[in-house]
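The structure under discussion appears below in the form of structure tokens.
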Amino acid sequence: MQPPGESVIRARGVTKRFGARVAVRDLDLDVPAGVCFGLLGPNGAGKTTALRMIYGVTRPTAGSIEVFGIDVARDPRAVRARLGVTLQENVQIEALSPRDNLRIFARHHLLPRSRREARVEELLDFLELRSHADVPVVALSGGYRRRLAIAMSLIHDPELLVLDEPTTGLDPAVRLALWARVRELRGRGRSVLLTTHYMDEAERLCDRVLILCEGRAICEGAPRALIAERLAREALEIDATPEEEARLLAGEPWQRLRSGGRLVVYADSVGPLVARLRAQDGGDGRPVIVRPANLEDLFLAATGTSLEGGA
Amino acid sequence: MSISLPHALSVWWRNASMYRRTWKANILPNFFEPVFYLAAIGVGVGAYIQQMGGTSYARFLAPGLICVAAMNGASFEVTYNVFVRLTWEKTYDAMLTAPIEPDDVLFGEVLWALTRSGIYGGAFFLVVAAFGYAPLPRALLALPAIPLAGLLFAALGIAFSLRATKIDFLSFYFTLFLTPLFLFSDVFFPIQERLSGPWLVVAEVLPLLHPVRAARATFNGTLGWQTLWDVVYVLVVSAALLALARRTIRRRLTA
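For the protein sequence lines, the chains are A and B, in the order given.
Be aware that the first sequence starts at 2, since it is given in my numbering, and climbs by one per residue.
Be aware that the second sequence starts at 15, since it is given in my numbering, and climbs by one per residue.
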């Protein structure tokens, strides 16, 4: 395994073009060993393409990628022997059981028989699949199938786990369970690279995140540090028309974000604003949400609706 | 990138473990189909035919039908099954997250198609032998014609389905390509005896003709230079198609 602090993934100037379309543009990426790294971005931002280049299935049009210090373009097999990938879609043989699906993936990794069976048993426990180990996959719920997909990508005990949208479409309990497993892996010194567009997932799970938009890296860092650096501490959410917004915030330097009729205002302390709102609205005050600024705010600010006012 | 045999075998093994679950239901038709053909056409129609190619009609038909069975076994595997794994089930995308390269996938699939052709063709051979239409032990020499036909139609089918953009195209492959081959490739009658001039050369292009002619030559004990040509044809055409398929599968999986 890579010593902590060294880069598991090191990408420099990576660009990928599909004809005239540029999927990834001049991307630099450093994923230190032993961290959980989140690649965030809206749909079509180039996240999956970036992952495919990292595990060496797609070649960059320009730039270079090293994983475990190995040039991926030169020896993709050596890289893939040491990392595991969970694709966005679950790819399993529906007629077979989780146990058999795991065995098949163990064969793809050329594990010898004794190790194969041992790993299958370990992973049935690790991802809590044992109760359904011999049920055909077609009869399993989405949560079980997703856990099986992750178990399959862990079959060879990889140093780096790559998860492409691991929890899309799962219920909250399954999501929590999967996050716990990811933390556990990281605790054992494994590195994790994941893509997601759930910002709560990124904020809770990732030590570092990189926001990708239209193939370009917009910002990178630890989630809390990024939020502190880019946004005020508190956020206030209300329903307000643009006219009300103009009246309410006239002359104020606060950052704000509009999405339809919903307005979010950022300030280090939103107390005075709440008071002003109450005064204006009189008796039937509109519902107000005051919360800490979070990664979702940063994501929206960085990728979607543009921030107005302030810095 | 070179082929890794262990990885290709893991692809073969994946298909085999899926098949193992259903083989009991699958293998039975493999025995019945030849019985129906031999009974209806070999014995039924054959009753009105004094002889063909120097033997009884059922004996003429038997080696050809063995090759057709091998052709079908390979063809179903590399058309519908490969297409579904490639486009809908994303099986190959998942394989390529392991240290498996597109060449290994191609090689593993062709090996598996050969296995299926062996199961189909082998079952047919047993039935033919049980009916007494296979002159033993001479007819055992026809067994290599089964993997030859399997290889040829694995290569043809996979080269085609890797380029198919819609599953509908696969039915063209069956109705416009395999069905005419089945009818005109010496299985039911010696086509070249009905042709003359340049058409003789055109008929020589028919892929199924070659394994059928080779199998029949062993049944009749008439192995010769033509048999060698038939084997060379199968190997050269298969190699060319697989070279093409290598380029296509790499393009489709690594774009």
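We treat Cβ as the ideally placed atom computed from N, Cα and C, and that holds for glycine.
- In this structure B:L237 does not touch B:V124 by the C-beta definition: roughly 27 Å separates them, more than the 8 Å allowed.
- For A:I94, the closest Cβ of chain B is nearer than 9 Å.
- When only Cα atoms are considered, B:G122 and A:L179 end up about 34 Å apart.
- The C-alpha of B:D107 is placed about 55 Å away from the C-alpha of A:R248.
- Annotation for A:V25: the continuous beta strand (DSSP E) segment containing it runs 22-33.
- Between A:T242 and A:Y199 the beta-carbon gap is near 30 Å, outside 8 Å, which marks them as no contact.
- Annotation: B:F188 is outside any beta strand (DSSP E) and is labelled neither H nor E by DSSP.
- In this structure, DSSP gives A:E235 an extended state, which the three-state scheme calls strand.
- Per the Cβ contact rule, the region 91-110 of chain B is not in contact with the region 209-226 of chain B (fewer than 3 Cβ pairs under 8 Å).
- At the C-beta level, B:P204 and B:C81 stay beyond 9 Å of one another.
- Ranking A:E253, A:R234, A:A34, A:R217 by CA distance to the CA of A:A303 puts A:R217 first.
- Within the region 90-118 of chain A, E90, V92, I94, A96, L97, D101, R104, I105, F106, R108, H109, H110, L111 place their CB atoms closer than 8 Å to a CB of chain B, listed in sequence order.
- Contact between A:I239 and A:R209 does not hold, since their C-beta atoms are separated by about 32 Å, which reaches or exceeds 8 Å.
- Taking a contact to require three or more Cβ pairs closer than 8 Å, the region 31-51 of chain A and the region 6-14 of chain A qualify as touching.
- For the region 30-56 of chain B, the residues whose beta carbon sits under 7 Å from a beta carbon of chain A are, in order, S31, M32, R35.
- Using beta-carbon distances, B:D117 does not count as an interface residue toward chain A, since no partner is under 9 Å.
- Using a Cβ-Cβ cut-off of 9 Å, B:R227 does not count as an interface residue toward chain A, since no Cβ of chain A sits closer than that to its own.
- In terms of beta-carbon proximity, A:G85 lines the interface with chain B, with at least one pair separated by less than 9 Å.
- For A:I10, the enclosing beta strand (DSSP E) covers residues 8-19.
- Interface flag for B:T179 against chain A is unset, since no Cβ pair is found closer than 9 Å.
- Boundaries of the beta strand (DSSP E) around A:T196: 192-197.
- Using a Cβ-Cβ cut-off of 9 Å, B:W126 does not count as an interface residue toward chain A, since no Cβ of chain A sits closer than that to its own.
- By the Cβ neighbour-count rule, A:G57 is buried, with 16 or more other Cβ atoms within 10 Å of its own.
- In this structure, DSSP gives B:I205 a helical state, which the three-state scheme calls helix.
- Listed along the chain, the chain B residues whose CB falls inside 7 Å of the CB of A:R81 are T111, A112, P113.
- Less than 9 Å separates the beta-carbon of A:L171 from that of A:G144.
- The beta carbon of B:T232 sits no closer than 9 Å to any beta carbon of chain A.
- If you check each beta-carbon in the region 285-305 of chain A against every beta-carbon of chain B, none falls closer than 7 Å.
- Note: A:A218 is bridge-paired with A:L213 in the DSSP secondary-structure output.
- For the alpha helix (DSSP H) assignment, the uninterrupted runs of no fewer than 4 residues enclosed by the region 105-176 of chain A are, from N- to C-terminal side, 114-127, 143-154.
- Among the CB atoms of chain A, one or more fall inside 9 Å of the CB of B:E103.
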